[in-house]
Amino acid sequence: MTIRDVSLRSIWQDERNPLQRFQRFNASTRKVKFLQTLAQQFAGKPIDWEQLEEALIRADLGVPMTTRIIKTLQEREAWSLLGIGDVIKAVREEIARILPADLTPIRRVNGKPTVILIVGVNGTGKTTSTAKLAHYLKQDGQNLLLAAADTFRAAAIEQLDIWAKRLGVEMIRGQYGADPAALCYEAYQAATKREIDFLLCDTAGRQHTKTNLMAELQKVKRTLAKLDLNAPHEILLVVDATTGSNALSQAREFHSALGLTGLVVTKLDGSGKGGVVVAIQDELGIPTRFVGTGEQRDDFAPFDASEFMANML
215 MTIRDVSLRS IWQDERNPLQ RFQRFNASTR KVKFLQTLAQ QFAGKPIDWE QLEEALIRAD
275 LGVPMTTRII KTLQEREAWS LLGIGDVIKA VREEIARILP ADLTPIRRVN GKPTVILIVG
335 VNGTGKTTST AKLAHYLKQD GQNLLLAAAD TFRAAAIEQL DIWAKRLGVE MIRGQYGADP
395 AALCYEAYQA ATKREIDFLL CDTAGRQHTK TNLMAELQKV KRTLAKLDLN APHEILLVVD
455 ATTGSNALSQ AREFHSALGL TGLVVTKLDG SGKGGVVVAI QDELGIPTRF VGTGEQRDDF
515 APFDASEFMA NML
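With our numbering, you'll find the sequence shown wraps up at 527, consecutive numbering, no jumps.
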């Protein structure tokens, strides 16, 4: 079995669509202006280290990164003469060091279905993100199968079914309350038989502090591994950018239990901060793969670190 970078970037790198690609991602990050907020707060004033620390933490950059930035600035010989321009430069340099410069949004397995397990707490836009990822993949000519493995929430099953019909994508569903692991097992067998490229499994999303949810997801993961030792090939956590540090807490819990491979960040267009993207990458090494910007199927784009940084100020 080999794993290769799937040609999904072709949609966004196609010379016919550079403006469209930029506009979609730019729409998601145009409000991420926490460096602009810093510039306004400290313009024409000497740096107050305590206030700076509070401002960086409020931007959801996290305590470890905030501490490093302040330490870097204070170690400079003429630190007492530093202005806000020096601070912004230091923040940008630290973010550039942390975020991957070039990241393929997703990878595909040759010869077998590529299984993507999509996890997250209720209310983050998990099921909608699953559908939008399906649309994104279908645009690139991939064969898809959806698995409605959030079996304890009837609304989630129906919501995904509506999306599947709208997108023209097949879906495996079970009875309300059915075993999610068994459903994913059935879905994988169906995907193999139908020579499907990608199997997307939408999972339950009760509170991340509930150990029974994590045990349930771990069972799904073990069950898929019985069919393919490397499955699931991707485990994507959907987080809401507006929840700030709570998104980091969710990432810690899910990563500890499952070993995440990436993030889908929703409502980034509704947050003036966006630092949680950096904080999660910094602490846990989990890259942001996609960002969601709304309810429509096209309100979804691969994360681009350079454009994210360009929109911060």
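Quick reminder that beta carbons are idealized off the backbone N, C-alpha and C, glycines included.
Residue i versus residue j: straight-line alpha-carbon distance, rounded
i, j, result
"A363", "G488", "30 Å"
"G382", "K352", "9 Å"
"V453", "E307", "25 Å"
"F236", "I410", "With a pLDDT of 45 at F236, under the threshold of 50, the modelled position of this residue cannot be trusted; read the value that follows with caution. Cα to Cα, F236 sits roughly 30 Å from I410."
"L347", "G297", "43 Å"
"A368", "Q389", "9 Å"
"F528", "G339", "Not covered by the structure: residue 528. The range shown for the chain is 215 to 527."
"V335", "T457", "12 Å"
"L451", "A439", "19 Å"
"E467", "M279", "20 Å"
"R332", "A405", "The question names Arg, but residue 332 in the sequence shown is Ile. C-alpha separation (whole angstroms): 17 Å."
"L295", "P260", "8 Å"
"Q510", "A292", "51 Å"
"R408", "T417", "22 Å"
"L358", "I330", "11 Å"
"K379", "I283", "49 Å"
"A212", "D316", "Only positions 215 to 527 of the chain appear in the structure, and residue 212 is not among them; the question remains open."
"L275", "I376", "37 Å"
"I500", "G473", "9 Å"
"M428", "D300", "44 Å"
"G355", "F412", "11 Å"
"S520", "D393", "42 Å"
"Y402", "R387", "12 Å"
"L397", "T342", "20 Å"
"A471", "D512", "31 Å"
"L482", "A273", "13 Å"
"L462", "L498", "9 Å"
"E384", "Y350", "15 Å"
"A515", "G508", "11 Å"
Counted within 10 angstroms of its Cβ, other Cβ atoms place residue i as buried (16 or more) or exposed
i, result
"L249", "buried"
"T281", "exposed"
"E268", "exposed"
"V277", "exposed"
"I449", "buried"
"P327", "buried"
"N426", "exposed"
"D496", "buried"
"E289", "exposed"
"A445", "buried"
"R322", "buried"
"E264", "exposed"
"G506", "buried"
"E372", "exposed"
"A310", "exposed"
"G419", "buried"
Residue i in three-state terms, based on DSSP
i, result
"V491", "helix"
"G299", "helix"
"L317", "coil"
"P516", "strand"
"P446", "coil"
"E268", "helix"
"Q510", "coil"
"N426", "helix"
"R380", "helix"
"I261", "coil"
"L472", "helix"
"D393", "coil"
"D274", "coil"
"N240", "Low confidence applies here, because N240 scores a pLDDT of 49, under 50, leaving its location unreliable; read the following figure in that light. In the structure shown, N240 sits in a helix (DSSP, three-state: H, G or I)."
"R282", "helix"
"R235", "For R235, the predicted model reports a pLDDT of 49, less than 50, meaning its position is unreliable; a value from the coordinates is still stated below. Here R235 sits in helix by DSSP."
"N460", "helix"
"R436", "helix"
"A418", "coil"
"E289", "coil"
"T344", "helix"
Cβ-based neighbour list, residue i, same chain, cut-off 6 Å, excluding 5 preceding and 5 following
i, result
"T286", "A304"
"F256", "I298"
"T502", "L477, V479, V491 and F517"
"L414", "I330, T344, A348 and L360"
"Y399", "T437"
Strand pairing of residue i, partner residues [DSSP]
i, result
"T365", "T365 pairs with nothing; no bridge assigned."
"F412", "T328 and L358"
"V333", "L451"
"L477", "L451 and T502"
"M385", "L360"
Own chain, CB closer than 7 Å to residue i, minus 5 neighbours either side, in chain order
i, result
"A395", "K433, V434 and T437"
"G391", "T365 and F366"
"L431", "V333, T417, A471 and L472"
Contact set for residue i: own chain, Cβ-Cβ below 8 Å, skip 5 residues either direction
i, result
"I302", "L249, L252, A253 and L527"
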